[in-house]
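A short write-up of the structure that comes next.
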DNA sequence: AATTTGCGCAACTAATAAGTTGCATATATA
DNA sequence: TATATATGCAACTTATTAGTTGCGCAAATT
């Protein structure tokens, strides 16, 4: 059995990404989320479980309702993972810049 | 049938992420990749297909070998998706800063 | 020309995951 | 206390996918 849900697996599903987009603006209950999507409450509940297990969302009970909040700190891990590639695309874009410079020089001739 | 592989789906697999990390440093052939992982060449070939279909990698034939290069521009799309949440975590961190300020003030008393 | 090597595609198996319905539990309301 | 509502968990079905083996094709080597 899986100890913990994988962060990348969590955002692979479009519905879960939609949930994240929603609650990044405002915390919502499972029922409120289910109303937004064309699926049963139980289906949404499963997505919530996945997002919760990898700590992308955080429950805050309020009476018999549970508001799920967006955990920005966890989302930042993607930002850190992306860091290893930033250098790559800067290099590739610099090469593009060089190419553009060459083309400019050719125009002058 | 799926028209095109999804970017998020592509990076959901740990082996594919490892491939991306490898070729971000240096372009590799399918065989060279397969040697790095404990799986058959065909399995790696499938991952290559997924990464290629969503344009995260780009083939450059060289004789009977094919070097796959990392496409940084495509990975940037993930960066752009993350952008919608950057504001959220800045807000949450600002709130943390405020809290820290409050705690500092309490120390002074 | 014959053989080896690099690669992709097809078929198959096993595991995973998204969705459903049904049920149990806890909180709020009448 | 009885009832309605909010939520999570379990069992099931179906679809997807990661891995395998086997095959065919094209390029390089002998």
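Protein chains in written order, with this note's numbering: chain A, 7 to 115; chain B, 7 to 115. Ideal placement from N, C-alpha and C gives every residue a C-beta, glycine not left out.
Closest Cα partner of residue i within the set the options
i                     : options                   : result
residue 13 of chain A : A/80, A/74 and A/45       : A/80
residue 89 of chain A : B/95, B/94, B/82 and B/90 : B/82
residue 59 of chain B : B/86, B/39, B/77 and B/40 : B/77
residue 44 of chain A : A/86, A/20 and A/63       : A/20
residue 94 of chain B : A/62, A/97 and A/101      : A/62
Within 8 Å, strictly: CB atoms of residue i and residue j
i                     : j                     : result
residue 25 of chain B : residue 75 of chain B : no
residue 22 of chain A : residue 53 of chain A : yes
residue 18 of chain B : residue 33 of chain A : no
residue 47 of chain A : residue 40 of chain A : yes
7 Å CB neighbourhood of residue i in its chain, flanking five on each side removed
i                     : result
residue 56 of chain A : 11, 16 and 22
residue 51 of chain B : 36
residue 42 of chain B : 28
Start and end residues, alpha helix (DSSP H) containing residue i
i                     : result
residue 64 of chain A : Unbroken run through residue 64 of chain A is the beta strand (DSSP E), 63–68; no alpha helix (DSSP H).
residue 48 of chain B : 47–59
residue 77 of chain B : Here residue 77 of chain B belongs to no alpha helix (DSSP H), and DSSP marks it neither H nor E.
residue 26 of chain B : 20–31
residue 10 of chain A : It is not in any alpha helix (DSSP H) - residue 10 of chain A carries neither H nor E in the DSSP assignment.
Terminal residues of the beta strand (DSSP E) in which residue i lies
i                     : result
residue 14 of chain A : Here residue 14 of chain A belongs to no beta strand (DSSP E); instead the alpha helix (DSSP H) covers 13–16.
Contacting residues, own chain, Cβ-Cβ under 8 Å from residue i (five flanking each side not counted)
i                      : result
residue 72 of chain B  : 35, 36, 65 and 66
residue 84 of chain B  : 13, 14 and 17
residue 101 of chain A : none
The ligand FMN heavy atom lying under 7 Å from the CB of residue i
i                     : result
residue 96 of chain A : Absence of the ligand FMN is noted for the structure shown, with no ligands found whatsoever.
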